[in-house]
Each structure stands twice: as C-alpha cells, then as structure tokens.
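In this note's numbering, the protein residues as written are 9 to 600.
Quick reminder that beta carbons are idealized off the backbone N, C-alpha and C, glycines included.
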Amino acid sequence: MDRLSSIFLRTRRMIVPTSLKRKLVYVLLLSTFIPLLLIGIISYTSMHTILEKKITSGIHSNLKQVRVSLENVLGNLNYASQQLAFDGRVGKDIYAYMTNDHPYDRKILAGEIETEMNLLTSTNPNIGLMFYYDQGTNRILFPNLQVREGFDSAKLPVFTKLQGMTYYGPHQTLNAQFDRKVMSITRKIDFPDLEQLYIYMETDNRLVDTVFNKMQYGMEVYHLIVDTDNRIAYSEKPSSFPIGMKLATHEEDANRSVYGTQYMFEEASNQGWRVAAVIPMQSYKHEIFNWLLQFGAIAVLSLFVSLGFAWLIWRIVTRPLTSLNREIRLMAQNQSQGELQLTGTDEFDYSLRRFHEMKGTVIQLIEDIKENERNKSRLEVEKMISQINPHFVHNTLDTIRWQARLNGQEDIDHLISTLNRVLHYNLGKGETATIREELAALKDYITLQEIRYQFHFDIRISVPQEQLELRIPRFMLQPLVENALYHGIADDGLILVDISQEGQHIRIEVSDNGAGMSPEEADRLLQGDDSAHKRRGMGIGMPYVIRTLKYQYGESAGIDIESRSGEGTSIIITIPSSTLGRGDQLHARIDC
C-alpha cells in the first residue's frame, strides 16, 4: 500500500504541478497550445475550403483561357483558310492555275499566288506553314515555307471535323526548319473537276507553347485535348494518357474528376471537343500541405517561445522570492534588520519594503511586550500599595455624617451625604450608566461645587423622557460640566445640558456663557493636553472623556468644541445608538 501511495503521489505531482516553475511552464504551454489548437481547427476547416476553391477556380480560369485561346486559334485558321478556298481571291487564282495549260500564264498565276500567300502570312502573324496539296498523290503546291518530307495528313491527330474542315490537335510542325508543336487544319476546296485538292494550314511555331503555358498554374500539370468521341487527340503525358485512348474517369463533383491518383479538370468547347488539365493529387494538395507545414512550424515555434518566456519569468521571479525568503528566515530567527536588497521589480520591491517594515514593527512589538511585562509587574506592586478600599471611605464618611447629625450640624450632614453619593457613583463599577443615573450624579456634583465656591449658577437639562434609560459612558457629563465651571462661569452663570436625537446617534451638548477660550486652547484640550487646567483643579477632566469615547466607540463617536473669548463654550459629543426613542422632552431646571 505504501508503494502504491508513493506512485500515486509521484503521478499526481507530474499531472498537477506543485512548484511555481512547473506551474509557469504548464500555464504558458496551455495558454499557447489551446489557442493554437482552436485556431488550427477553425483555420483548417476554413482555409481548406478557401484554398480548394481558390485552386479549383484558378485551374478552371486558366483552363478556360486555354480553351478560348484554342478556339481563337482554330477560328483564325478557319478564317485564313477561307481566303485560300474557291470563293476567295487566292482560290480563284488556284483554279485558273490548275485549269490553264499555257506555260506562260501558269507562271504569271503562280507568281501572283505566291505573292498573295506571302501577303496573307504577313498579315496573320499566328499563321505559320500553309500550302495546297493533292490528297490522292500528296503532291504539295505553293508552300510558303519549306515542308518536311513524308507529309501524310492521315497520320495527324484529328480531334474534330466540321463542315468539310478537319482540325488536328497539337503535333510536330511540318516546317522543316523547326521542331515545335503546332495546331493545323485541312480544308477541302470544292473546285469543279478538282475533288482531291485540299488546303493545309498550321499555326505559328510558338503559339502552342504560349497557349499551353504551365507556369500560370503554379503546380505540375499536363494538358489533354479530347475529341468528340471522348478519345485523346493530344496528350502532354503519353505514358499515362496515350493518343487515341478512350478516356474513362470517375466524376467526383461538378468541378473535377478522378483518374487514379490524379485530378482531371475539363473545359468543353461549343464544337464538341474538350481541353483537360491533369494534375497529380500530391501536387494539387501541395499548397494546402505547405500551409499545414507553415502552421505547424509556427505552432512549434510558439511553444518554444512559451518555454523561453516561462524560463525568463522564472528567472525574474526567482530572485525576488529568494530575497523574500531570506527576510522571512531572518524574521523567524528573530534577527535584527539588515540592509534591504531590492530586486528592481516594482511590485516585488514594494512587497519587500512592506515586509521589511512589518518585520521591524514585529521586532519592536516583541521588545515592547517584554518591556510591558516588566512594567506590569511593577504596576501590580504599586497598585497594591496605593489602593484605597472604597468601602473604608464610605464607612468613614457615614461615621462623620452621623456624628454631625447627632451634634445638630445639618449643613455638614448634607455636605457629607452629597459627597458620599458622588464618591459612591464615581467609584462604582461598570463602563456605562443610564442617562437618569448620570443626571442624578451630576446634580450631586453641582451641589458640592456650589457649596465649595459660594456662588449661584443655573444648570438647565433638556432630554427626551424615553431616553432617560438609554446607556451612555459612565462619568461622562460631570467632566463636561466641570470644564464649563472652570472656563469663566461666575455668579448667575448658566450651563445648558442638551441631549437629543440625530438620526442613529445621540447628541450631547454642554454649553456655558462663561469667558470662553481661544482656538489654540480648544485644540490643546481636544488633544488631551490639560496640564494648565489640572493646576486649576480640573481632576481627570477632558482627557478622560476623549479616551473613553475612543475606547468604547472608536471612530463612530465624535467630539467638538465651539468657543469664542467672552461668548462662552459649547462641547458637542455624538455617540451611536441602535434604539432612539421619540417623545416630549423633559425640561429640568436645577437651581443651586
């Protein structure tokens, strides 16, 4: 089982790469191979059809051009031969020559005939050799060029006969001075008493090579001319398609036929003969095959480029990862910060800087924790030494209060009772209290302050009745009122405490009509700097309020001071509340 598990794990690692290097190689190869595969399939199906249509259309276009050229050649031969026939001017001179027995007249007629034939040749550059001949004796008359010996029209390849004319496919010229392929025509001259006289005319020596131009196809091609009996009258590949062979092909579609391993494309003439182009399948598919080779070469090249990019990316990533790994090892070993080595890549350098800073912060935090542990032990000792039992204070004050009451000292009794309640509330446990409890403690505090400073002031409290049971931070209102007392409240002064609803927040505003403060003093007070006020007896004051708000509400609470010298001061606090009631406001007036 262990061996099977080991094999399975190795196989899994090969299929699902775990290292970054292998993942990069796999991802880049797949990101290259999959688009290439999809593009290849789509391109092959599209390009194969497009290339086939392009090649087939090109072949038929060239073949049509060959057919039209052959028709023009034969039409030109037909037109030129008419001038040599009985109805033509030269034909009449031939008839006169053949029927005249006078030597002188025959000589003059012969000169005129030769002149006319030379003129006809010069005005028709596509006409080559031409002459008259007697079919019975094969005697040649009035040739414009030297005729090869052994002329026999019966040996020429016939591919169609029309209206007394016989058309011959490309064959070796009868011109003794050249050895090229030409096309020719024989036409019978209907002279009275001269039934064996014919005209022979062939094309120029270069015309057939021009018509059957293989270079225009761009591939290996062989031309055939098929007569009206479906026999080959001309073949550029006699080993496979000999002249006289009955052509039998298998029609694949409307554009081409199949003959063995070759495709055959045909163009039919209105005279019944056909011109065909035979192309080997391998040559026909050569362009498609070349396209596949080119696409395959591009695909292979793309894969190698992807491997190269994978290697390059790996090299780019390796150095930053090494630096990051070194920083992690130093942090794990709790070593101090060394010089940071950047990689030159913005993203990695940013991460390295942040990690370097974090490492420094963590090291500093560790040192701070150690220092705090030492301080904690020292504070525990100091706390035990300086701690005062609140019950001892309350019991002592109760003893003094009862002693004053027994002696009939009601003012001292009232003062001690009020002080006892204030201390009991301030030294009580819990972080929050109801607004009702805060207001009761505030009343006692104001009573003590009025007795202490011997001046009269009003405090007016406005709060909705249903909000009296809502909980706010404990010991919140007393420092705010204390702040008002120590900012210039004199005899007949006024302090307003307004608690109201604003959306999902409780708004607490404490205002006075005292001497006010400058903006600089307000800023210092908000920053927790109350050293000047402590000297004036403010106790814990505003720093306690600010720290309490931050501790319990964080950024959800807000505090602001609005003050002008000689116009009074307003301290505004907003704290969140999930449930806020609505109703009439309770207006309480406390005269102290």
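Inter-residue CB distance, residue i and residue j (contact presumed, cutoff 8 Å)
i, j, result
"Leu450", "Leu485", "5 Å"
"Thr137", "Val155", "Thr is not the amino acid found at residue 137; the sequence shown has Leu there. The pair is a contact, with the Cβ atoms about 7 Å apart (cut-off 8 Å)."
"Arg282", "Val234", "4 Å"
"Val471", "Val518", "That belief does not hold up - the Cβ atoms of Val471 and Val518 are roughly 12 Å apart, past 8 Å."
"Gln473", "Ile507", "Not confirmed; about 11 Å, so no contact."
"Phe273", "Ala284", "7 Å"
"Arg195", "Ser277", "With 8 Å as the limit, Arg195 and Ser277 do not qualify as a contact, their Cβ atoms being about 19 Å apart."
"Asp520", "Gly576", "5 Å"
Reduced DSSP category for residue i - H, G, I as helix; E, B as strand; rest coil
i, result
"Glu381", "helix"
"Thr168", "strand"
"Ile251", "coil"
"Met392", "Interpretation of Met392 is limited by its pLDDT of 48, a score under 50 that renders its predicted location unreliable; the figure taken from the coordinates is listed afterwards. Here Met392 sits in helix by DSSP."
"Met227", "coil"
"Phe41", "helix"
"Asn238", "coil"
"Leu504", "strand"
"Ile583", "strand"
"Gly158", "coil"
"Asn183", "strand"
"Gln512", "coil"
"His541", "Model confidence at His541 stands at a pLDDT of 48, short of 50, so the residue's coordinates are unreliable; what they give is reported in the following sentence. Helix, per DSSP."
"Ile454", "helix"
"Gln270", "strand"
"Pro328", "helix"
"Ile197", "coil"
"Arg264", "coil"
"Phe6", "The displayed coordinates of the chain run from 9 to 600. Any statement about residue 6 would go beyond what the structure contains."
"Ala441", "strand"
"Phe139", "strand"
"Ser359", "helix"
"Leu315", "helix"
"Thr407", "helix"
Identity of the residue in the options nearest residue i by Cα
i, options, result
"Val430", "Thr442, Lys196, Phe483, Gln302", "Phe483"
"Pro288", "Met227, Ala162, Lys254", "Met227"
"Thr131", "Ile116, Gln91, Phe139, Thr582", "Gln91"
"His464", "Leu478, Leu493, Ala441", "Leu493"
"Gly438", "Ile424, Gln560, Asn86, Glu510", "Gln560"
"Phe303", "Leu46, Ser564, Ile567, Ile580", "Leu46"
"Pro246", "Tyr230, Ile469, Ala256, Asn238", "Tyr230"
"Glu122", "Asp109, Asn152, Arg337", "Asn152"
"Tyr141", "Pro133, Asp160, Phe363", "Asp160"
"Ile207", "Gly119, Leu447, Ser192", "Ser192"
"Thr442", "Leu533, Gly316, Ser585", "Ser585"
"Ala448", "Ile459, Leu427, Arg460", "Leu427"
"Gly252", "His294, Thr174, Phe167", "Phe167"
"Thr236", "Leu301, Lys169, Asp212", "Lys169"
"Thr145", "Glu120, Gly549, Ala162, Ile324", "Ala162"
"Gly177", "Ile148, His422, Glu79, Phe139", "Glu79"
For residue i, the first and last residue of its enclosing beta strand (DSSP E)
i, result
"Ala256", "Taken as a continuous stretch (DSSP letters only), Ala256 belongs to no beta strand (DSSP E), as it is neither H nor E."
"Tyr559", "Counting along the chain, Tyr559 falls outside any beta strand (DSSP E), though it belongs to the alpha helix (DSSP H) covering 549-561."
"Ile469", "465-472"
"Gln571", "A small fix is needed here, since residue 571 is Ser in this sequence, not Gln. Per DSSP, Ser571 belongs to the beta strand (DSSP E) from 566-572."
"Glu210", "205-211"
"Pro601", "Only positions 9 to 600 of the chain appear in the structure, and residue 601 is not among them; the question remains open."
Bounding residues of the alpha helix (DSSP H) (the contiguous stretch that carries residue i)
i, result
"Met125", "111-131"
"Met289", "289-292"
"Ala530", "527-534"
"Gln180", "Premise fails: Gln180 lies in the beta strand (DSSP E), 173-180, not in any alpha helix (DSSP H)."
"Gln486", "485-493"
"Asp421", "418-434"
Classification of residue i by the beta-carbon crowding that lies within 10 angstroms, buried from 16 upward
i, result
"Tyr271", "buried"
"Gln171", "exposed"
"Thr582", "buried"
"Asp101", "buried"
"Leu478", "buried"
"Ile63", "buried"
"Ser331", "buried"
"Ala305", "exposed"
"Ile396", "Caution is warranted here: a pLDDT of 49 is assigned to Ile396, below 50, making its placement in the model unreliable, and the coordinate value is therefore given only provisionally. That one is exposed."
"Ile49", "exposed"
"Ala93", "buried"
"Ser265", "buried"
"Lys558", "exposed"
"Asp500", "exposed"
"Glu381", "exposed"
heavy atom of the ligand NAP below 7 Å from residue i C-beta
i, result
"Glu157", "The model on display carries no ligand, and the ligand NAP is accordingly not part of it."
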